[in-house]
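Below is one structure, written out as structure tokens; the observations come after it.
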Amino acid sequence: MQPSGQSIALIGPSGAGKSTVGVGLAQALGWRFIDLDQLIIERAEKSISDIFSQEGEAGFRERETAALVQALQTDQAVIACGGGIVLREVNRQLLREQAWCVYLTSAISTLVKRLTADQANPRPLLASDINEQLVIQLAERLPLYSTLANWTIQTDGLAPQIVVEQLIRAWGLVGKPQVSEVFSSFNSRYYVKSGALAALPNELANLGLTGTCWLISDSHVGPMYAPSLIQALENSGFPCQRYDIPAQEASKSWQQAGELYTWLLENGVQRGDTVLALGGGVVGDLAGFIAASILRGIAVVQLPTTILAMIDSSIGGKTGINHPRGKNLIGAFHPPRLVLIDDAVLSSLPRRERAAGWAEAVKHGVIADAQLFADLERAGASLNDVPAKITSDLLVRSAAVKIGVVNRDERETGERMLLNYGHTLGQAVEAATQYKRYVHGEAVAIGMTFAANLAVQLGMWTSAEAERQRALLQALELPTALPRDLDIEATLAALNLDKKRAKGSVRWVLPTRIGHAQVESHVDPELVRKLVHELVEQA
């Protein structure tokens with residue numbers, strides 16, 4: 001979704017560098033720079049501190065909205081917004097409709113350091129313990145920043161000029177919906193473009209990757225796309241070898257990993273080489289795990305060919321293989337240097353796989369982006385047809401939700417756990433059915449339906465919103481009930497092996513409204529058992 005206006009709005013917490021970057025960006029573009037706080041001061045003829053002391057925060061927010069309306073009337077303006085601009089829905093709507101929003105984010109330690117050094121610009125809401133107040137503010141504001149952003153840049157360790165250069169490059173892509181790029185905090189790029197696979201050699205060169213390419217694909221995808229990709233690489237001076245695994249979930253195994261290790265070592269893999277993962281989630285997880293562990297780690301580039309992999313499994317560096325006791329129980333964090341997406345490959349994706357991928361987009365909408373959820377509702381079953389014009393936009397917006405979460409919680413110590421919505425029961429169902437009955441997105445759809453029912457029973461979510469979710473999943477031709485022949489005891493036993501357990505309790509991700517969710521560890525196992533049985537009876 002592209003904005004209708006010609007303004008760039010910089011959003012994010014105090015200390016993220018909005019004013020500094022904004023000045024440089026405006027100069028580079030030849031545009032006008034507007035510091036919204038300074039505009040408020042000029043209109044009020046008094047300082048921000050005086051406004052707060054005389055009118056309170058409510059009075060300041062009214063003035064902030066009026067200043068935003070004025071600023072957005074200026075074409076070709078770079079607007080540095082205050083950290084709390086996103087708190088009012090009217091502001092979010094104005095920015096969503098009239099500006100291209102860039103979310104500048106940094107670690108709290110970086111923000112504290114910058115704010116402490118900037119004594120000339122006091123922040124009334126950070127007048128006491130800056131660290132404590134930032135933690136409180138960000139808990140409320142981070143989801144709002146993420147869902148509003150058209151672009152996200154983590155500014156830690158980046159000189160302002162580098163951020164400006166990235167934004168100029170990004171702004172050049174606006175209006176070209178077939179191309180999008182998001183920079184993330186762990187030295188990884190996410191890039192979408194029709195025909196992108198042909199540009200892989202240039203992308204590798206830009207990343208400074210010069211060694212042999214070890215292309216891992218599967219028996220379905222490899223024959224379709226690997227030959228031309230290898231030809232392009234070798235024509236550009238990149239030696240390339242290929243290995244196709246069987247196209248099945250069972251390939252994420254120790255046995256298959258061992259065969260790949262042998263292939264790599266016998267053919268002379270070196271630490272300067274790169275693993276290319278061409279395929280869906282199985283290929284991406286397995287190839288990523290091989291890259292993370294061979295020679296103590298070499299570079300990996302993800303080339304996802306399914307919707308699920310494009311918006312979920314290729315992002316964030318989680319790699320792994322399955323164990324008979326559960327899914328992804330063995331693995332490592334190994335962020336890809338690049339996630340390169342050619343959405344043209346979706347034309348060969350079976351309808352069932354398309355639906356399964358959109359299940360992850362629904363998940364992202366429920367936990368973090370109400371507008372994304374609403375747009376998915378509007379598109380409905382058409383998303384399972386041959387790629388529509390809106391497909392790339394929805395892919396990027398869905399992926400941006402995960403990228404934003406991962407940027408803030410790379411190692412899954414807090415917020416990133418929300419991405420497990422629907423996966424707790426979903427993965428238990430996969431294990432209980434030996435990974436043969438459902439593709440992953442279908443199991444997640446069942447898991448989301450169960451989590452919605454659980455949230456309603458606990459009084460955390462409304463039945464009306466739960467019904468909206470169920471209706472969207474059914475429109476996408478996804479299952480929302482458990483089969484009558486399911487081994488319930490095996491499913492419940494698999495819950496107790498879930499890798500997300502903590503202190504002996506299963507941790508459930510439960511929605512509180514569309515666009516927001518939380519982790520709940522204190523759920524009565526008997527209630528879980530009761531609702532599992534009820535979900536079977538709905539079949």
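Take the sequence shown: its letter number 483 is residue 483 in UniProt numbering, and every next letter is one higher.
Beta carbons: idealized from backbone N, C-alpha and C, even for Gly.
Hey, out of the options, whose CA is closest to residue i's CA?
i, options, result
"Leu527", "His516, Ala517, Val506", "Val506"
"Leu148", "Leu492, Gly84, Lys252", "Gly84"
"Ala66", "Met448, Ala77, Ser53, Arg88", "Arg88"
"Gln143", "Glu415, Gly331, Gln6, Pro335", "A quick correction: the sequence has Pro, not Gln, at residue 143. Closest by alpha carbon: Glu415."
"Val192", "Ala379, Leu303, Ser49, Gln70", "Leu303"
"Glu203", "Leu215, Trp214, Arg189, Thr212", "Arg189"
"Leu486", "Thr512, Leu478, Glu442, Val536", "Val536"
"Asn150", "Ala247, Leu372, Leu497, Leu492", "Leu372"
"His42", "Trp31, Leu29, Gln27, Glu64", "It should be noted that the sequence gives Glu, not His, for residue 42. Per the Cα distances, Glu64."
"Glu140", "Pro13, Val69, Gln27, Gln231", "Pro13"
"Gly195", "Asp409, His423, Leu476, Asp342", "Asp342"
"Lys252", "Asn206, Gln133, Asn328", "Asn328"
"Leu72", "Arg484, Asn235, Ile8, Gly288", "Ile8"
"Leu138", "Val405, Leu349, Val439", "Val405"
"Gly331", "Pro525, Ile367, Leu286", "Leu286"
"Gln241", "Ile216, Val86, Gln256, Trp254", "Ile216"
"Asn420", "Val444, Gln256, Val164", "Val444"
Would you kindly report the start and end of the unbroken alpha helix (DSSP H) that includes residue i?
i, result
"Arg378", "370 to 379"
"residue 583", "This structure does not reach residue 583, given that the chain is present from 1 up to 539, and the question cannot be answered."
"Gly281", "281 to 293"
"Ala80", "It is not in any alpha helix (DSSP H) - Ala80 instead sits in the beta strand (DSSP E) that spans 77 to 80."
"Phe60", "48 to 72"
"His522", "Per DSSP, His522 belongs to no alpha helix (DSSP H) and is neither H nor E."
"Pro223", "221 to 235"
"Ser314", "Ser314 -> no alpha helix (DSSP H), and no H or E assigned at all."
"residue 547", "Outside the displayed span of the chain (1 to 539) sits residue 547, for which this structure offers no information."
"Thr147", "130 to 148"
"Val439", "Looking at the DSSP string, Val439 is not in any alpha helix (DSSP H), and its letter there is neither H nor E."
"Leu497", "Run containing Leu497: none; DSSP gives neither H nor E here."
"Thr26", "Inspection of the sequence shows that residue 26 is occupied by Ala rather than by Thr. From DSSP, the alpha helix (DSSP H) with Ala26 extends over 18 to 29."
"Arg43", "36 to 44"
Use the C-beta contact count for residue i: other C-beta atoms within 10 angstroms, 16 or more gives buried, fewer gives exposed.
i, result
"Leu10", "buried"
"Ile162", "exposed"
"Asn407", "buried"
"Ser146", "buried"
"Lys436", "exposed"
"Thr155", "buried"
"Ser109", "exposed"
"Arg470", "buried"
"Ala431", "buried"
"Ser106", "buried"
"Gly208", "exposed"
"Leu319", "It is worth fixing the name first, because residue 319 is Thr in this sequence and not Leu. By the neighbour-count rule (16 or more Cβ atoms within 10 Å), Thr319 is buried."
"Thr306", "buried"
"Ala159", "exposed"
"Thr391", "buried"
"Thr116", "exposed"
"Gly17", "buried"
"Ile136", "exposed"
"Met448", "buried"
"Asp37", "buried"
"Asp385", "exposed"
"Asp369", "buried"
"Thr424", "buried"
"Ser398", "buried"
"Val90", "exposed"
May I ask which residues mark the beginning and end of the beta strand (DSSP E) holding residue i?
i, result
"Thr152", "151 to 154"
"His533", "Unbroken run through His533 is the alpha helix (DSSP H), 525 to 537; no beta strand (DSSP E)."
"Pro511", "508 to 513"
"Tyr103", "99 to 105"
"Pro304", "299 to 304"
"Arg470", "No beta strand (DSSP E) holds Arg470; the alpha helix (DSSP H) holding it covers 463 to 475."
"Pro11", "The residue you asked about is not Pro; residue 11 is Ile in the sequence shown. Taken as a continuous stretch (DSSP letters only), the beta strand (DSSP E) holding Ile11 covers 7 to 11."
"Thr319", "318 to 323"
"Asp343", "Where Asp343 is concerned, there is no enclosing beta strand (DSSP E), given that its DSSP letter is neither H nor E."
"Ile330", "326 to 333"
Would you please verify whether the beta carbon of residue i is less than 8 Å from any beta carbon of chain D?
i, result
"Thr512", "This model lacks chain D altogether, as it is built from one protein chain only."
Review point. Is the stretch 280 to 300 touching the stretch 251 to 269 in the sense that three or more CB pairs, one from each, lie closer than 8 Å?
Key: yes
Practice item. Tell me, please, whether the stretch 445 to 458 touches the stretch 509 to 517 by the rule of three or more beta-carbon pairs shorter than 8 Å. Key: yes
Review point. What are the start and end residues of each continuous alpha helix (DSSP H) run of 4 or more residues lying completely inside the stretch 241 to 276, in chain order?
Key: 254 to 266
Practice item. Would you check if the stretch 348 to 366 and the stretch 309 to 326 touch, i.e. whether three or more CB-CB distances between them fall below 8 Å? Key: yes
Exercise for review: Determine, using beta-carbon pairs with one atom in the stretch 213 to 225 and one in the stretch 242 to 256, whether at least three such pairs fall under 8 Å.
Suggested key: yes
Point to revise | Segments assigned beta strand (DSSP E), at least 3 residues, entirely inside the stretch 185 to 213 | key: 188 to 193
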